[in-house]
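So the sequence shown is numbered by my numbering: it starts at 2 and just counts up by one.
Quick reminder that beta carbons are idealized off the backbone N, C-alpha and C, glycines included.
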Amino acid sequence: MMIRRLILCWSLVLLSLWAMPQSYDLEDIYIRDPYILADSESGWYYLYRTSSSKNADGVAIGGVELFRSRDLKKWTGPQKVFTVPEDNWITGPVWAPEVHYYKGKYYLFATLNSHLTWKKKKDDWPAYTFRGTQIFYADKPEGPFLPFDRIPHTPMDYMALDGTLWEEEGKPYMVYCREWVEVVDGTMELIELQPDLSSAVGRSMRLFCASDAPWAPDDRPSYVTDGCFLYKTKTGKLLMIWS
2 MMIRRLILCW SLVLLSLWAM PQSYDLEDIY IRDPYILADS ESGWYYLYRT SSSKNADGVA
62 IGGVELFRSR DLKKWTGPQK VFTVPEDNWI TGPVWAPEVH YYKGKYYLFA TLNSHLTWKK
122 KKDDWPAYTF RGTQIFYADK PEGPFLPFDR IPHTPMDYMA LDGTLWEEEG KPYMVYCREW
182 VEVVDGTMEL IELQPDLSSA VGRSMRLFCA SDAPWAPDDR PSYVTDGCFL YKTKTGKLLM
242 IWS
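Okay, here's the thing in C-alpha cells:
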C-alpha cells in the first residue's frame, strides 16, 4: 500500500510539472503569421499562434494558443485560449490569429479554413474552399474567446483571410484579403463593423488589387494579397504593411 501511495504521489508531481507553462526564448518558438498584443491593461506581451486539436471523433478542430512575456525575449506558455465551436460554419485550422483590445474587450480575429469546396475548380488550379475571417470576443487576453454567431464577418461568398482591425473617425472596420485562388488578382478589402464588432455592416469595398503594386511583374498568372496590418505614423500618415 505504501509503495502505491508513493507511486501516486510521484505521478501527481510529474503531472503538475508537465502541466506547468514552459519558458522559451523567442527564437525557439515555431510560429507562422505571428501577432503580438502589447496589453497596457496587464503589462504583458501576448504572442498568439494557431493550435489545432482533435475532438472525440478524431476530427481536427482549429484553435489558438498564446505565449506571454514581460520583455519580448523570454516567453512562457503555451496556453490554449480558443477552440473553434463544433457547430460553427466551418471548424478547420485557424490562420493568422490576431487579438485586439477595443473598448474594454479583447477581440480575436481568426481566419477559418476547411476542405469543403463551394464551386468546381479549373484544371491545374487550387480548390475553391470555404475560408473567411470571424471575430470572437473575451474579457481577458487569455480568453476564453466566444463567438457572436456561427458565420464569418467576411462575405460568405468570398475566399477571405487575414482580417485585421482599424478604427477611423470612431467607426470600426475590418481590412482583409480576398484570396487570389478565387479572383486571380488578389484584392485588399474594407468592410465596416458594428460598434461592438458583432457583425459586418453593408458590403465590402475594394481598396486595391495586388497587381496595382508598382513592383509587381506583368507576366504572372496570379497575384497574391496576404497579411495586411495598418499603422499610423507620428506625422499622421496611414501605412499598410502587407505581402
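Report buried or exposed for His154, applying the criterion of at least 16 other Cβ atoms within 10 angstroms of its Cβ. In the assembly as shown, His154 is a buried residue. Its beta-carbon has 16 or more other beta-carbons within 10 Å.
Just the Cα atoms here: how many angstroms apart are Ile91 and Lys75? So the alpha carbons of these two residues sit roughly 35 Å apart.
Around the C-beta of Asn114, are 16 or more other C-beta atoms found within 10 angstroms, so that it is buried, or is it exposed? Flag for Asn114 reads buried.
Asp227 in three-state terms, based on DSSP: In this structure, DSSP gives Asp227 a state outside helix and strand, which the three-state scheme calls coil.
Between which two residues does the beta strand (DSSP E) containing Glu183 stretch? Where Glu183 is concerned, there is no enclosing beta strand (DSSP E), although the alpha helix (DSSP H) it sits in stretches over Trp181 to Val184.
Validate contact between the segment 123 to 130 and the segment 97 to 112 using beta carbons, cut 8 Å, 3 pairs: Contact between the segment 123 to 130 and the segment 97 to 112 is absent, with fewer than three C-beta pairs closer than 8 Å.
First and last residue of the uninterrupted beta strand (DSSP E) at Trp96: That run of the beta strand (DSSP E) goes Val95 to Tyr103.
Taking the beta carbon of Leu48 as the centre, do at least 16 other beta carbons fall within 10 Å, making it buried, or is it exposed? With 16 or more other Cβ atoms within 10 Å, it is buried.
Taking the DSSP output, what are the residues bridged to Ala139? In the DSSP output, where bridge partners are listed per residue, Ala139 has Tyr107.
Looking only at DSSP bridge pairs, what is Gly203 linked to? Paired residues: none, contrary to the question.
Cβ shell of Leu16 (< 7 Å), same chain only, five flanking positions each side left out: Low per-residue confidence applies at Leu16: pLDDT is 44, beneath 50, and the placement is therefore not dependable enough to give any value.
Looking at the structure shown, is Ala61 part of a helix, part of a strand, or coil, going by DSSP? Judged by DSSP in its simplified three-state form, Ala61 adopts strand.
Every unbroken beta strand (DSSP E) within the segment 32 to 83, with a cutoff of 3 residues, ordered by chain: DSSP runs (the beta strand (DSSP E)) wholly in the segment 32 to 83: 36 to 40, 45 to 51 and 64 to 70.
How big is the Cα-Cα spacing for Val185 and Gly44? Distance between the alpha carbons of Val185 and Gly44: 43 Å.
Where Gly203 falls, given that 16 or more other Cβ within 10 Å makes a residue buried: That one is exposed.
Under a Cβ-count criterion, where at least 16 other Cβ atoms within 10 Å of its own Cβ denotes burial, should Tyr190 be classed as buried or exposed? Note on residue identity: the sequence assigns Glu, not Tyr, to residue 190. Flag for Glu190 reads buried.
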